[in-house]
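S.K.: A single structure is presented below for examination.
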């Protein structure tokens, strides 16, 4: 049986969608905080187990009879790293045969501006030290995050970001979920690391050009300093706690952290991943 944590989140649902279409839903377990939000998964025949990363006892119960676990990284809570450790510890105690984790594809973790990302690599180290067979999915920045960065009125305002000339090998979260599902269905768990990225790295000039072509309206990208961007985010009503995280993402992009390009996503999908233009057309409904 395969257990997917964070099963009602966007990535969790994307993974389960492919798994349920490829194998019997009765071989799948969804770990959720709220069973009501998983009613549609239950209706498909997927086993629902209620638990929380912070509740070790609930994790122990969730692991019963499970052979593979996909740990989808948690949010930005202060104890997020300990939450990850709890899942790893529960998997080890349950004798799970394979532990997979959704990490991040970043060029040099030792020079990150966005310190929130460090917990991914600390979790990787903890998994490796656990002795469990593992698979690491190092995911690039989701293409679906673009509207959060550009703002809702991007066609009128253009793109104003402190990302310099940095590039990102954007990929669709939905395709990452599909690829992860394919990897989980393989029989091997040989301590592999996959870099799930798009087939090309794009600058925000490229994003602006795609928006221009698809919308028929001129959209330009204007690099700005971080301080000016912070004011813009505050003016948009972005929560104060979120502002430095977004700025951290942009600064790391500026420094080339997100420009990694790998063929792993294409190989797992069995086709080329969506291009920037294809993804933007869907995300922005253009």
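Residue numbers (the working numbering): 386 to 671.
Think of the CB as a built atom: it goes at the ideal place given N, C-alpha and C, for glycine as much as any other residue.
Fair warning: this is a prediction, and the values are worked out from it, not measured in the lab.
Here's the rule: buried if 16 or more other CB atoms are within 10 angstroms of the residue's CB, otherwise exposed. What is residue 409?
M.R.: exposed
S.K.: CB-CB under 6 Å to residue 592, same chain, minus the five flanking residues each way: which ones, in chain order?
M.R.: So no residue of the chain qualifies.
S.K.: Relative to the C-alpha of residue 498, which candidate in 480, 548, 452 and 473 has its C-alpha closest?
M.R.: 548
S.K.: Mind checking whether residue 426 and residue 472 have CB atoms under 8 Å apart?
M.R.: Going by C-beta atoms, residue 426 is not nearer than 8 Å to residue 472.
S.K.: My guess is that residue 491 and residue 642 are in contact by the Cβ rule of under 8 Å, so how many angstroms apart are they, rounded?
M.R.: 5 Å
S.K.: Select from 611, 437 and 661 the residue whose C-alpha is nearest the C-alpha of residue 588.
M.R.: 661
S.K.: In or out: residue 422 buried (at least 16 other Cβ within 10 Å) or exposed?
M.R.: exposed
S.K.: Identify, in the order they occur along the chain, each residue of the same chain with its Cβ nearer than 6 Å to the Cβ of residue 415, setting aside the five sequence neighbours on each side.
M.R.: 389, 392, 423, 426, 431 and 433
S.K.: In angstroms, rounded to a whole number, what distance separates the CA positions of residue 664 and residue 556?
M.R.: 8 Å
S.K.: So, residue 400 versus residue 566, is the Cβ gap smaller than 8 Å?
M.R.: Pairing residue 400 with residue 566 gives a Cβ-Cβ distance under 8 Å.
S.K.: Just verifying my parser: in three-state terms, what is the DSSP assignment at residue 520?
M.R.: strand
S.K.: Runs of 4 residues minimum, wholly inside the stretch 498-581: which ones carry the alpha helix (DSSP H) assignment?
M.R.: If only complete runs of 4 or more residues are kept, the stretch 498-581 shows the alpha helix (DSSP H) at 503-515, 531-535, 539-542 and 558-570, in order along the chain.
S.K.: Name the DSSP bridge partner or partners of residue 606?
M.R.: 544
S.K.: For residue 487, write down the residues that DSSP places opposite it in a beta bridge.
M.R.: 522
S.K.: Leaving out five residues before and five after residue 576 in sequence, what residues of the same chain have Cβ atoms less than 6 Å from its Cβ?
M.R.: 519
S.K.: Which class does residue 422 belong to by DSSP, given the choice of helix, strand or coil?
M.R.: It is helical.
S.K.: Nearest to residue 658 by alpha carbon, out of 496, 631 and 558?
M.R.: 558
S.K.: Measure the beta-carbon distance from residue 504 to residue 466 and round it to whole angstroms, keeping in mind my assumption that it falls under 8 Å.
M.R.: 4 Å
S.K.: Quick check on residue 582: buried or exposed, where buried means 16 or more other Cβ atoms within 10 Å of its Cβ?
M.R.: buried
S.K.: Between which two residues does the alpha helix (DSSP H) carrying residue 412 extend?
M.R.: Neither: residue 412 is in no alpha helix (DSSP H) and is coded neither H nor E.
S.K.: Check residue 438 in the structure and name its three-state DSSP category.
M.R.: coil
S.K.: Go ahead and pull the three-state DSSP assignment for residue 454.
M.R.: strand
S.K.: Output the residue ranges of the beta strand (DSSP E) runs that lie fully inside the stretch 593-645 and measure 3 residues or longer, sorted by chain position.
M.R.: With a minimum length of 3 residues, the continuous beta strand (DSSP E) runs that stay inside the stretch 593-645 are 606-608.
S.K.: Using 8 Å for Cβ pairs, my map puts residue 502 next to residue 475. What's the rounded Cβ distance?
M.R.: The Cβ separation is near 24 Å, so there is no contact.
S.K.: For residue 488, count neighbouring Cβ atoms within 10 angstroms of its own Cβ and tell me buried if that reaches 16, exposed if not.
M.R.: In summary, residue 488 is buried, with 16 or more beta-carbon neighbours lying within 10 Å of its beta-carbon over all protein chains present.
S.K.: If you pair each beta-carbon of the stretch 525-541 with each one of the stretch 633-648, do three or more pairs fall below 8 Å?
M.R.: Pairwise C-beta distances place the stretch 525-541 in contact with the stretch 633-648, as three or more of them are shorter than 8 Å.
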